[in-house]
Amino acid sequence: MKLSDIESSFGIGKVLRDAQFKTLGKLNALSTEESMIFLLSEKYLPMLPHKMVSAVITTKELADEVLKKGEIGVIVSDKPKEDFYKIHEALIDEGFYYETRNSNIHESVQIFPGVFIAEKNVIVGKNTIIYPNVVILENTEIGENCVIRAGTVIGTPGYEVTEFNGKRRVVKHAGKVVIENNVELQANNAVSKGLFITRNTEIHNDVKTDNLVHIAHGVQIGARTKIAASAMIAGSVNIGEDVWIGPSAVISSGINIGDKAAITLGAVVTKDVPPGARVSGNFAIDHAKFIQFIKSIR
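As numbered in the numbering used here, the sequence shown has no gaps in its residue numbers, which increase by one up to the final residue, 313.
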């Protein structure tokens, strides 16, 4: 699609330089070439040109500077962020991002009473068990030999709130939830789908979660990781393989947790955690330093 198509079809913005784009995304979380972004502040101008960015929606005040950044397409708007998400939602409604297909549930899947599975765009692999009152929404893929316990919701939109025509609401999501094989989600988990098709929510092989775990949009969890009860994992977090996340731990958005790291009970993680590290506290620091500090004040 071209920026000129946006202007002509949706009546949004004014094109200063036309360009092709394949998807939308945020400048700090891009993974696909020919992405369109929004730009509100000059502090992000040094990040352009960017190999993943082919088009920008921005303000009149910033447009001239963006035009100097190579051959990036530019469309101007009085409300770039709002119009960016209007474009995103219009493309979802038009089926731009993906084809709509009938859901495919393997005949060996055990489904208990009270389960809701969307009629479109759900795949569930063989020998998976889905317990009562589970909700599985569109754009969800679940592999083989998984266990989804009672009350879990998979594929709900994440918490991306913006203003549309003077009113705030949650933005529609276009991404998926992809759950690999031998995954177990205990009761009352919430797993949000990705905001954009470039960043799905992914739960890899042999991950096990306890009850009441929240997994936000775009979170990607490595194989064999274990997540204890009431953990909260915010958007676009990357968790490595063989990680331990303790009860009631909180991991802030965009954080990277290395392989075999351990997040202890109640930790609040606001910085990246290296592979093999063990962190504790609020805000989380090296576990040994945290224990030393606690001893010093008792």
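We put the beta carbon where it would ideally sit given N, CA and C, even for glycine.
Put simply, of Asp287, Asn271 and Ser263 the residue whose alpha carbon is nearest the alpha carbon of Thr279 is Ser263. Lys223 and Gly85 have their C-alpha atoms some 46 Å from each other.
The C-alpha of Phe25 lies about 41 Å from the C-alpha of Val284. A direct Cα-Cα distance of roughly 24 Å separates Glu134 from His229. Between the segment 212-222 and the segment 127-141 there are fewer than three C-beta pairs closer than 8 Å, too few to call the two in contact. The beta-carbon distance between Pro147 and Val130, rounded to whole angstroms, is 7 Å. This is short enough to meet the 8 Å contact definition. By alpha-carbon distance to Lys66, the top candidate from Thr47, Phe127, Leu31 and Lys241 is Thr47. By the C-beta criterion, the segment 152-164 is judged to be in contact with the segment 194-203, since at least 3 inter-stretch pairs fall below 8 Å.
Shown here, Phe127 sits in coil according to DSSP, grouped into three states, outside any helix or strand. If you look at Leu31, you'll find it in the beta strand (DSSP E) that goes Lys29 to Arg32.
DSSP links His232 through a beta bridge to no other residue. When Lys17, Lys101 and Gly140 are compared, the shortest CA-CA separation from Ile120 is found for Gly140. In this structure Thr115 is exposed. Its beta-carbon is surrounded by fewer than 16 other beta-carbon atoms within 10 angstroms. The C-beta of Ala303 has fewer than 16 other C-beta atoms within 10 Å across all chains shown, which makes the residue exposed.
Taking Met51 as the centre and dropping the five residues before and after it, the same chain places the C-beta of Phe36, Leu39 and Ala70 closer than 6 Å to its C-beta, in chain order. Taking 8 Å as the upper bound for CB-CB distance, Glu175 and Val185 are in contact here, some 6 Å apart.
In the DSSP annotation of this structure, Lys84 is not part of any beta strand (DSSP E), being labelled neither H nor E. Under the DSSP definition of a beta bridge, Ser50 partners with Thr38 and Val68. Sequence-distant partners of Gly166 (beyond 5 residues in either direction) whose C-beta falls short of 6 Å from its own C-beta, in its chain, are Asn148, Ala202 and Asn203.
The DSSP-derived three-state label of Ala205 is strand. In the structure shown, Met247 falls within a strand segment according to DSSP collapsed to helix, strand and coil.
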